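A.B. asks: Before we start, here is the structure in question, set down as structure tokens.
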Amino acid sequence: MITRRRPLLALAGAALAVTLGLAGCASTGSSPVASKAPTASATTGIGAADGVQDPDTQPYVAAPAAGVVPTRVTIPAIGVDSGLESLGIGAQGELDPPKAWLSAGWYSKGVVPGAVGPAIIAGHIDSPTGPAVFLHLNKLRAGDAVTVTLSSGSVETFRVTGQTVSPKSNFPTSSVYGPTPTPTLRLITCDGVFNPAIGHYDDNLIVFADLESATAPTAAPAK
81 MITRRRPLLA
91 LAGAALAVTL
101 GLAGCASTGS
111 SPVASKAPTA
121 SATTGIGAAD
131 GVQDPDTQPY
141 VAAPAAGVVP
151 TRVTIPAIGV
161 DSGLESLGIG
171 AQGELDPPKA
181 WLSAGWYSKG
191 VVPGAVGPAI
201 IAGHIDSPTG
211 PAVFLHLNKL
221 RAGDAVTVTL
231 SSGSVETFRV
241 TGQTVSPKSN
251 FPTSSVYGPT
261 PTPTLRLITC
271 DGVFNPAIGH
281 YDDNLIVFAD
291 LESATAPTAA
301 PAK
């Protein structure tokens, strides 16, 4: 059985490695920019995204325009409705975690949700005082909806295809950050047992989703 919660006195604010989802999940691993193409065996678990999708089976949607960024993520099945912080890379090559425990963050050096490739959204599982934004991420099942609102007003709807739990020492970098022929989304948080001695969880949870549809951008007001 996986122990998911840490004690309230747990260390806060630690940066996470590029291949991980949130603070307290420090690990070694390559930068997503240097990752190889995904392999069919890189993810495991029930319904985990596997192999390369056929673009011909995917609905056509227009890619977001240049300069458009995601502003909000909503996951009705687990009660998530959060603004999105912009996440960058720290001095040690790690992905900076969201500053707010109850806010998710988007990896701004990566793919914009709705564009071809894997967009990355990360969030904390808990905080020193209680639950955080992605506490129930592990409850998502195939078919659950994830919507991302863009600064253009467009709403991108993704459908969960599966999830996997991976030891931080063997994070599936290629499957998470590697190129895909269609728009995809990865939601990442910590998982497993919390080790208070080092302030880290030992696993990562990654949820995989594919773009289903997108609404047209909101028309700019007439001047």
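Counting in the working numbering, the sequence shown runs from 81 upward without gaps.
A virtual CB, placed ideally from N, CA and C, is assigned to each residue, including glycine.
This one's a predicted model, so the numbers in the text were calculated from it and none came from an experiment.
For arginine 266, does the count of other Cβ atoms within 10 angstroms reach 16, so buried, or fall short, so exposed?
C.D. replies: By the 10 Å Cβ count, arginine 266 comes out buried.
A.B. asks: Tell me where the alpha helix (DSSP H) around valine 256 begins and ends.
C.D. replies: That run of the alpha helix (DSSP H) goes 253-257.
A.B. asks: Buried or exposed for threonine 304, going by 16 or more other Cβ atoms inside 10 Å?
C.D. replies: A query on residue 304 cannot be resolved here, the shown segment of the chain reaching from 81 to 303 and no further.
A.B. asks: For isoleucine 155, which residues from the same chain have a beta carbon less than 6 angstroms from its beta carbon, with the 5 sequence-adjacent residues on both sides left out?
C.D. replies: Answer for isoleucine 155: Val226, listed in chain order.
A.B. asks: Cα separation between proline 263 and tyrosine 187?
C.D. replies: Proline 263 and tyrosine 187: Cα-Cα distance of roughly 15 angstroms.
A.B. asks: Could you give the distance in angstroms between the alpha-carbon of valine 245 and the alpha-carbon of glycine 233?
C.D. replies: Cα-Cα distance, rounded: 33 angstroms.
A.B. asks: Among all the DSSP beta bridges, which residues are the ones paired with threonine 229?
C.D. replies: Threonine 229 is bridged to Arg152, Val235.
A.B. asks: Indicate whether the contact test is met: 3 or more Cβ pairs, each with one atom in the region 164-184 and one in the region 199-218, closer than 8 angstroms.
C.D. replies: Taking 8 angstroms as the limit for Cβ pairs, the verdict is that the region 199-218 does touch the region 164-184.
A.B. asks: Secondary structure at arginine 158, three-state DSSP: helix, strand or coil?
C.D. replies: The question names arginine, but residue 158 is isoleucine in the sequence shown. Isoleucine 158 falls in the helix class under three-state DSSP.
A.B. asks: Using CA atoms only, rank isn't needed, just tell me which of Thr229, Ser166, Val153 is closest to phenylalanine 214.
C.D. replies: Selected option, being the one with the closest Cα: Val153.
A.B. asks: State the Cα-Cα distance for the pair proline 144 and glycine 210, rounded to the nearest angstrom.
C.D. replies: Answer to the nearest angstrom: the Cα atoms are 36 angstroms apart.
A.B. asks: Between the Cα of proline 247 and the Cα atoms of Leu285, Val160, Gly197, Gly163, which residue gives the shortest distance?
C.D. replies: Measuring from the Cα of proline 247, the nearest candidate turns out to be Leu285.
A.B. asks: Spell out the partners DSSP gives isoleucine 200 in its beta bridges.
C.D. replies: In DSSP, isoleucine 200 forms a bridge with Arg266.
A.B. asks: On a Cα-Cα basis, can you pick out the residue from Ala146, Val160, Tyr281 that is closest to alanine 212?
C.D. replies: Checking every option, the nearest Cα to that of alanine 212 belongs to Val160.
A.B. asks: Are there 16 or more other CB atoms within 10 angstroms of the CB of alanine 199, so buried, or fewer, so exposed?
C.D. replies: Alanine 199 comes out buried.
A.B. asks: Given leucine 230, which residues of its chain have a CB within under 8 angstroms of its CB, disregarding the five upstream and five downstream residues?
C.D. replies: Counting only Cβ-Cβ distances below 8 angstroms, and skipping sequence neighbours, we find Pro144, Val148, Val149, Pro150, Thr151, Val192, Pro193, Gly194, Glu236, Pro297.
A.B. asks: Under the three-state reduction of DSSP, which class applies to serine 166: helix, strand or coil?
C.D. replies: Residue state, collapsed to three classes: strand.
A.B. asks: By the three-class DSSP mapping on this structure, what secondary structure does leucine 182 have?
C.D. replies: If DSSP states are grouped into helix, strand and coil, leucine 182 belongs with coil.
A.B. asks: Please report the Cβ distance between leucine 217 and valine 287, rounded to the nearest whole angstrom; I am assuming they are in contact, meaning their Cβ atoms lie under 8 angstroms.
C.D. replies: With 8 angstroms as the limit, leucine 217 and valine 287 qualify as a contact, their Cβ atoms being about 6 angstroms apart.
A.B. asks: Ordered along the chain, which non-local residues of its own chain (more than five positions away) have a Cβ less than 7 angstroms from that of threonine 295?
C.D. replies: So the qualifying residues of the chain are Ser234, Val235.
A.B. asks: Just the C-alpha distance for serine 166 and aspartate 224, rounded to the nearest angstrom, thanks.
C.D. replies: Roughly 25 angstroms separates the two Cα atoms.
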